[in-house]
Amino acid sequence: MTLHFTRVETPVHELEIWMACSSGFSFVISNENRTGPGLHGKPGLVASWRPVEENKSAIKLGGSPFSTFAEAEKACEALLEALEQMSESQVPKIAAPPQ
């Protein structure tokens with residue numbers, strides 16, 4: 001499944017944040033740098049995720065920060081695919097009644 005990231009509108013124009021949701025998971029990509037306005041951290045694009053329905057902190061994706069938006073987006077899509085596969089394997093299977 002392809003995630004469609006949308007830029008988050010904030011009163012602080014220097015903040016560069018994009019968000020996408022799919023299959024009950026929220027993904028965020030933010031642009032960070034060491035100095036200046038915006039989010040501070042190791043320079044690059046940091047990707048994170050969390051379940052939408054649970055009140056939990058976001059988890060940073062391995063490999064963050066990424067050099068390009070495409071790399072961060074690809075990492076999010078790969079994780080979404082893995083999360084969807086895990087969710088499918090945990091759904092209880094109900095056997096059909098004997099005939």
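Going by this note's numbering, the sequence shown opens with residue 1, and the numbers climb by one from there.
All C-beta atoms in this analysis are idealised placements derived from N, C-alpha and C, irrespective of residue type, glycine included.
Using a Cβ-Cβ cut-off of 8 angstroms (strictly less than) and excluding sequence neighbours within five positions of residue 43, which residues of its own chain qualify?
32, 33, 34, 65.
Output the boundary residues of the beta strand (DSSP E) element that contains residue 63.
Element bounds for residue 63: n/a, residue is neither H nor E.
Rounded to whole angstroms, what's the CA-CA distance from residue 57 to residue 50? Just pull it up for me.
Straight-line Cα distance between these residues: approximately 7 angstroms.
Please classify residue 59: is it buried, with 16 or more other beta-carbons within 10 angstroms of its beta-carbon, or exposed?
Residue 59 is exposed by the Cβ-count criterion.
In whole angstroms, give me the CA-to-CA distance for residue 48 and residue 78.
Cα-Cα distance, rounded: 13 angstroms.
Helix, strand or coil: how does DSSP classify residue 58 here?
If DSSP states are grouped into helix, strand and coil, residue 58 belongs with coil.
Starting from residue 44, follow the beta strand (DSSP E) in both directions and report where the run begins and ends.
Where residue 44 is concerned, the enclosing beta strand (DSSP E) stretches over 44-51.
Would you report the Cα separation of residue 86 and residue 61, rounded to the nearest angstrom?
Spanning the two alpha carbons is a distance of roughly 17 angstroms.
Below 7 angstroms between beta carbons: does that hold for residue 80 and residue 22?
Yes. Within cutoff.
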